[in-house]
Amino acid sequence: MLTIGINYSQMHDSSACIVRDGELLFAVAEERLSRVKHDSGFPHLAIRACLDFAKVRSENLDEVCFAWQRPGATLRHDLKCYGLGALPLGYLMVLNSFRHFASMAHQDGGAKRFFHHFGATRARMRFVDHHLSHALSAFAYSGFRESTVVVMDGRGAWEATSIWYGYNGGLTHVQTIPWPNSLGLFYAEFTGYLGFQKYSDEWKVMGLAPYGQAAVSLREFIVPEDAPYWVNHKRLLAGASSGGQAGIERSFGAGRAPESEIDDRHKNIAFAVQEACEQAMMTVVRMAIDKTHCRNLCLAGGVALNSKANGKILASGVAERLFIQPAAADDGAALGAALAPYLEGGRHLPQTAMRHAYLGPASSDEEIESSLRTYKLRYTRLDDPAQTAAELLSQGKILGWFQGRMEFGPRALGSRSILADPRDPEMNAKVNNAVKFREWWRPFAPSMLAEVAPDYLESAFDSPYMVVTAQVKPEKRSVIPSVTHVDGSARPQTVEQSVNPLYWRLISEFGKRTGVPVVMNTSFNLRGEAIVHSPTDAVRTFFSSGMDALVIGCFLVEK
Ligand SMILES: [Fe+2]
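Residue numbering for the sequence shown follows the numbering used here, starting at 27 and increasing by one per position.
As structure tokens, this is what we get:
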């Protein structure tokens, strides 16, 4: 059986993947190919890349599975909320609900766009509940035979948080907390109030939080400890009709203008938002495990990318084992949608433990060299890219590192990465100012050999995807200062030799030279841009930034 999974809700992070007989072959977000960050358009480039990778045509497909309900489900729920007074009845809000419906209905949820781009197909068009898609995307790749599954995001057509129970290749629905009682909504509205982009810049609030202190009460906006949790969506959405945030401003004054200075008030609000989110996530997880009596836990949905909260859930011991699908946000919902056919007809879900997120396109050395020649760049062919990169890093150089298949999900994991020396306390500022051009408070993350994780970290030893935060051991904080956050935490990637031998060897070689088998790893992109996908993207980004060298395939380009 050959299925395509598609995320296309016209909201954000369109993507596609292809699954053959239960095996996930390839996945990519549209933004990487279109170069439009968080691209919400129909992912025709991503679908084309899936078909090309699998060397099939659309007529070979059995199922085309969208990770969003049929057009109408969202509008029906919104209208119910307006009727019940759960949403502020404003002209713009209602207009937006109808506009979204009209646009999705016009395209038959994306099916018509599929036919337009790829022609007729015998494949069945399937529309999968959004949270079911998220839940499948986590459970089926966890490797757990039995698991509690919790999905938390901004919204599905009608869901905000949902609980599932996975067992032996099946998945049972346990409970749904409907939108707008939504943790994603809560975090996003405060993200907007703090001068950042709602539903994409939540990282910035999470990074800012440790600079604040407990000085602000958010009781008017959220009660996180009463199961499941309660979000005051009416207050949060007050003024939304006019694009404003009157409800939050009533408590805390005018919102921060984008790019303006950050003061203590902003830091303290960020602290309170993060803390409330952590408490609410913990409440939901405890409630879910109470219901299922299973302490294996899978998390998915955009809220599950809150690595700080995930670290606390893990450290609390409430769950015995934790799996977070690395593309936990909506791009990854495509992975689950593609598996929906396996819930029917006596089939079983594939239950393969996901071992890596290198699911995207790759460029051969021939293609890379051809690009370098086209741009008339001087380059050197390397016998051993890992050795050369390690040597350059040990000299304090900032490197672009472009190798193998691109990662699926928001994190760069050693395929499309910018690397630097984590021992230099100034490196955080150097990379921020010269390369990433991003906010001073945002932390950088370490990639370390899996073997040394217990030497450096107090927990989260098995952290292949950078979605769980751990505390760095106090005696190691001065050893890797540029990847240790102000509160002593880090968001590690533990690298196993069998999973990514080239990247493992680079870190190992760096360790031989410096005694520290850890590198600073951040995504290979500039601020506001999608992570690089092609050699052309890599070269353009390299020359638009303060990187010193680019190791791309088996070639070295220096400035
Ligand atoms: Fe979602």
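Cβ atoms here follow ideal geometry from the backbone N, Cα and C, with glycine treated the same way.
Is residue i near ligand 1, going by C-beta to nearest heavy atom under 7 Å?
| i | result |
| --- | --- |
| G8 | One cannot answer for residue 8 here, as it falls past the ends of the chain, which runs 27 to 585. |
| G328 | yes |
| H319 | no |
| A359 | yes |
| D289 | no |
| G579 | no |
| G218 | no |
| D356 | yes |
| H199 | no |
| G195 | no |
| G182 | yes |
| H374 | no |
| H160 | yes |
| D179 | yes |
| H156 | yes |
Would you list the residues sitting across from residue i in a DSSP beta bridge?
| i | result |
| --- | --- |
| C43 | G31, A53 |
| G426 | I444, L576 |
| E477 | In DSSP, E477 forms no bridge with anything. |
| S549 | S443 |
| R152 | C91 |
| M178 | T187 |
| S173 | G192 |
| V583 | L576 |
| I248 | V257 |
| P561 | Beta-bridge pairing links P561 to no other residue. |
| T406 | L582 |
Tell me which same chain residues have a C-beta within less than 7 Å of the C-beta of residue i, skipping the five on either side of it?
| i | result |
| --- | --- |
| Q133 | R139 |
| M232 | Q300, N332, K334 |
| H64 | H38, D39, E57, S226 |
| T586 | Outside the shown range of the chain, which is 27 to 585, sits residue 586, and nothing can be said about it. |
| Q413 | E535 |
| R407 | C580, F581 |
| A302 | L244, I248, P250 |
| Y34 | S40, F68, P69, F92, W94, G136 |
Checking 8 Å against the spacing of the C-beta atoms, do residue i and residue j come in under that value?
| i | j | result |
| --- | --- | --- |
| H259 | L211 | yes |
| T520 | A479 | yes |
| V605 | R464 | Absent from the structure is residue 605, since the part of the chain shown begins at 27 and ends at 585. |
| K24 | I189 | With the chain represented from 27 up to 585, any question about residue 24 goes unanswered, as that position is not in the structure. |
| R148 | E215 | no |
| L263 | I274 | no |
| L475 | P543 | yes |
| L77 | L59 | no |
| I506 | V457 | no |
| V350 | Y491 | This sequence places Ile at residue 350; Val is not what is there. Yes, they are a contact pair. |
| N639 | V242 | This structure leaves residue 639 out entirely; the chain is present only between 27 and 585. |
| S524 | D450 | no |
| A314 | S485 | no |
| L220 | I295 | yes |
| V374 | G98 | The amino acid occupying residue 374 in the given sequence is His; Val does not appear at that position. Not a contact, by the Cβ cut-off of 8 Å. |
| A80 | F124 | no |
| G612 | A353 | The chain is shown only over 27 to 585; residue 612 falls outside these bounds and no answer can be derived. |
| V577 | P411 | yes |
| K293 | Y384 | no |
| F297 | A240 | yes |
| G440 | M573 | no |
| D179 | V329 | yes |
| V82 | L28 | yes |
| P561 | S389 | yes |
Which same chain residues, not among the five before or five after residue i, have their C-beta less than 8 Å away from its C-beta?
| i | result |
| --- | --- |
| G362 | G31, A93, V154, L158, S159, H160, A161, L162, S163, A164, A166, A326 |
| A272 | A264, G265 |
| I73 | I30, I32, A42, F140, H143, F144 |
| R539 | A416, E417, S420 |
| P204 | H103, W184, E185, A186 |
| Y110 | Note that residue 110 is Leu in the sequence shown, not Tyr. Nothing listed; no residue qualifies. |
Between which residues of its own chain and residue i is the CB-CB distance below 6 Å, once the five residues before and five after are set aside?
| i | result |
| --- | --- |
| G192 | F165, S173, V175 |
| R517 | S333, A471, M492, T495 |
| T202 | E185, S188 |
| I44 | I30, L51, F52, C76, A80 |
| V54 | A72, A75, G386 |
| P284 | G221 |
| A446 | I424, M453, V457, M546 |
| E304 | A335, K338 |
query = Where in the stretch 87 to 150 do unbroken runs of the beta strand (DSSP E), each at least 3 residues long, occur, reported from the N-terminal end onward?
reply = The stretch 87 to 150 contains these whole beta strand (DSSP E) runs: 89 to 92.
request  = May I have a chain-ordered list of the alpha helix (DSSP H) segments no shorter than 4 residues that lie completely inside the stretch 463 to 543?
outcome  = 479 to 482, 527 to 540
task = Starting from the N-terminal side, write out each stretch of the alpha helix (DSSP H) that is 4 residues or longer and does not extend beyond the stretch 206 to 233.
result = 209 to 219
inquiry  = Ignoring anything shorter than 4 residues, give me the alpha helix (DSSP H) runs that lie fully in the stretch 305 to 348, in order along the chain.
reply    = 333 to 342
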